[in-house]
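With positions in the sequence shown counted from 1, the corresponding number in my numbering is that position plus 43.
Glycine included, every Cβ here is placed at the ideal spot set by N, Cα and C.
Just below is one structure, and these are the notes that go with it.
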Amino acid sequence: MIWPLILLATLVTACISGIFGMAGGLILMGVLVLLLPVSAAMVTHGAIQSVSNGWRALLWRDFIYWRVLAIYLAGSLAAFLILIGLAFELSKPWLYIILGLVPALIWIPRRRLALDARKPIHAVICGFAVTGLNIIAGVSGPLLDIFFIADGMDRRSIVATKAATQVAAHAAKIAFYIMPALAAGSLSQWPWLLAAAPLAIIGTTLGARVLKLISDADFRKYTKWIVTGVGMIYVVRGVLLLS
Numbered sequence: 044m045i046w047p048l049i050l051l052a053t054l055v056t057a058c059i060s061g062i063f064g065m066a067g068g069l070i071l072m073g074v075l076v077l078l079l080p081v082s083a084a085m086v087t088h089g090a091i092q093s094v095s096n097g098w099r100a101l102l103w104r105d106f107i108y109w110r111v112l113a114i115y116l117a118g119s120l121a122a123f124l125i126l127i128g129l130a131f132e133l134s135k136p137w138l139y140i141i142l143g144l145v146p147a148l149i150w151i152p153r154r155r156l157a158l159d160a161r162k163p164i165h166a167v168i169c170g171f172a173v174t175g176l177n178i179i180a181g182v183s184g185p186l187l188d189i190f191f192i193a194d195g196m197d198r199r200s201i202v203a204t205k206a207a208t209q210v211a212a213h214a215a216k217i218a219f220y221i222m223p224a225l226a227a228g229s230l231s232q233w234p235w236l237l238a239a240a241p242l243a244i245i246g247t248t249l250g251a252r253v254l255k256l257i258s259d260a261d262f263r264k265y266t267k268w269i270v271t272g273v274g275m276i277y278v279v280r281g282v283l284l285l286s
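Listed below in structure tokens is the structure:
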């Protein structure tokens, strides 16, 4: 059965997410696409990551920028309403390629962009772009990061607020793919998701303990190299599947 593998991946990647945020979600998405049809992978990833991110946001709730979150949700809703009218689903090869290219966003010279999620217009753009990319590719962490590098944000506020915004992005992804997944019968073993929820919470809690021990500089450095390496693997796999 594939679901025991998914549960193991959930625990491990939730722990990674608790430390490095987007890295865990990126790895989990790749595993799910390997094991499930695309629509089912999107829904399963969205459900697991909603729990993981929701718990992480709860753990660090005192550090959430609530005003940023509220404005972000406006942009997120706009992206969902536009995309919900479109009927598309990427094939596995192209999903791997796009998934692998997403981490390239982390190498953009972000200081030149001067983006800051605490600015209202930037928060709206962030919500629109991040949710749109999340629906299309399944992950959007590197894009979200571009809006959270301004001076004055420590790692706890970054992790907490990003986690809260990702709950909304994953909810939109679930809503977008749930009907195709159900129609294809690819979610017939959905009760396994109930077991994934506590594992996501346990992994996230363990990761949060490690996060307290590392510096802001190490947090940014290791996140960058981990997601880049994973992205390169995904691009290669996508190209091989096309050949």
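Assigned exposure category for residue i - 16 Cβ within 10 Å defines buried
i, result
"F131", "exposed"
"D188", "buried"
"W268", "exposed"
"V210", "buried"
"L285", "exposed"
"W109", "exposed"
"K216", "buried"
"R198", "buried"
"I45", "exposed"
"G73", "buried"
"V253", "exposed"
"G118", "buried"
"L236", "buried"
"L230", "buried"
"L124", "exposed"
"I91", "buried"
"G272", "exposed"
Nearest-angstrom Cα separation, counted from residue j out to residue i
i, j, result
"L48", "G128", "34 Å"
"A243", "R280", "26 Å"
"K255", "I178", "31 Å"
"L54", "V94", "12 Å"
"K205", "F191", "8 Å"
"L185", "L142", "With the sequence shown as reference, residue 185 is identified as Pro, and Leu is not the correct amino acid for it. Whole-angstrom Cα-Cα distance: 11 Å."
"V145", "S183", "7 Å"
"L116", "A172", "11 Å"
"I140", "Y277", "6 Å"
"A203", "I107", "5 Å"
"N96", "G170", "16 Å"
"G228", "L79", "11 Å"
"A224", "S200", "35 Å"
"Y220", "G195", "37 Å"
"A157", "A239", "38 Å"
"P241", "P234", "13 Å"
Where residue i sits in the DSSP three-state scheme
i, result
"W230", "The sequence shown places Leu at residue 230, not Trp. Correct three-state label for L230: coil."
"P152", "coil"
"M222", "helix"
"G159", "The sequence given here has Asp at residue 159, not Gly. Three-state result, D159: coil."
"F123", "helix"
"G68", "helix"
"K255", "coil"
"P80", "coil"
"S95", "helix"
"L129", "coil"
"S286", "coil"
"M196", "coil"
8 Å Cβ shell around residue i - same chain, five flanking residues per side excluded
i, result
"W98", "A243, I244, T247 and T248"
"L138", "V76, V81, A180, G181 and G281"
"A303", "Outside the displayed range of the chain (44 to 286) lies residue 303, so it cannot be described from this structure."
"I151", "I189"
"L148", "P185, L186, D188 and I189"
"A218", "F123 and I127"
Sequence-distant residues of its chain with Cβ nearer than 6 Å to residue i (five each side left out)
i, result
"G175", "A122"
"C58", "G246, L249 and G250"
"F262", "R198"
"L102", "A251"
Neighbourhood of residue i by C-beta distance below 7 Å, restricted to the same chain and skipping five residues each side
i, result
"A52", "L71 and V74"
"P136", "G281, L284 and L285"
"A100", "I107, A203, A206, A207 and V210"
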